Structure formats: structure tokens, C-alpha cells
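Presented below is the structure to which this report refers.
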Ligand SMILES: [Zn+2]
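Residue numbers (my numbering): 278 to 388.
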């Protein structure tokens, strides 16, 4: 296991981990709730981190992360109608609870 990425936001960490897992690189997010558990830890220590299981995947993982950072989402953040968490505008589903975010922008037809 090794830390491959320190995210500024929880959804950044989930975005990176999801992309890595889709590409067959086993990745996990740690520390995503650290800010509510630890009191006196400096902010950079409490930030969410993405860890990969196999160190041999490091080079590929770094390239995937560089691609993600190069393609910063242009869309505005969306607020989840179900849980209130903020997700990037490029997300279809809430990273936190999995609710559809598209429904908030385009009200669903009720049948
Ligand atoms: Zn949600």
C-alpha cells in the first residue's frame, strides 16, 4: 500500500479512486472523515488520501491523476438534493449517497 494522492476535497479523492479502480488499479480513500474525529491534527494531515494496493501501479496511477487534474471540471458544483453534499458538476451521481444529481437540475417527470 502506498499513498498516491492527497486531495483538497473529499470528492476529489473519490473521483481519483473511482477512476483508478475502473482502470484495474486497486485504490482506497482514507482520512475522509478525519476532520470530524481528530481535533488538533494540521489540515494537511487530515486531508483525504488515495492509497493504491500495489506499488507497481504507481506510474500508471500518477498518469491517471495528471489526466484528471488537467481536465478540471468546468461545470459548477452541484448540491445533492438528498444529503446536501456538494459534488462536481461533472458527476451524475452524488459521491456521498449515490442519489441522482441530474434530477436537481432537470426535474423528473412524475411517471
Ligand atoms: Zn447525496
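Just so it is clear, CB atoms sit at the ideal spot from N, CA and C, and this is done for glycine as well. Just so you know, these numbers come straight off a predicted model, no measurement behind them.
key: Supposed contact pair residue 290 and residue 297 - C-beta distance, whole angstroms, cut 8 Å   = Not quite, the Cβ-Cβ distance comes to about 11 Å (not below 8 Å), so this is no contact.
message = Less than 8 Å between the beta carbons of residue 365 and residue 288, yes or no?
response = yes
Own chain partners of residue 372 with C-beta closer than 6 Å, once the 5 adjacent residues on each side are dropped = 288, 291 and 364
task = Figure out for me which residue from 302, 348, 331 and 299 has the closest Cα to the Cα of residue 278.
result = 331
query = Would DSSP call residue 313 helix, strand or coil?
reply = Here residue 313 scores only 49 on pLDDT, less than 50, and its place in the model should not be relied on; the value that follows carries that caveat. Reduced to three states, the DSSP call for residue 313 is helix.
query = Rounded C-beta distance between residue 284 and residue 339? I'm assuming under 8 Å.
reply = That belief does not hold up - the Cβ atoms of residue 284 and residue 339 are roughly 15 Å apart, past 8 Å.
key: residue 342 beta carbon less than 8 Å from that of residue 281   = yes
request  = Keeping to the same chain, check which residues put their C-beta closer than 7 Å to that of residue 302; ignore five residues upstream and five downstream.
outcome  = 329, 334, 337 and 338
ask   = In terms of residue numbering, what span does the beta strand (DSSP E) encompassing residue 304 cover?
value = 304–307
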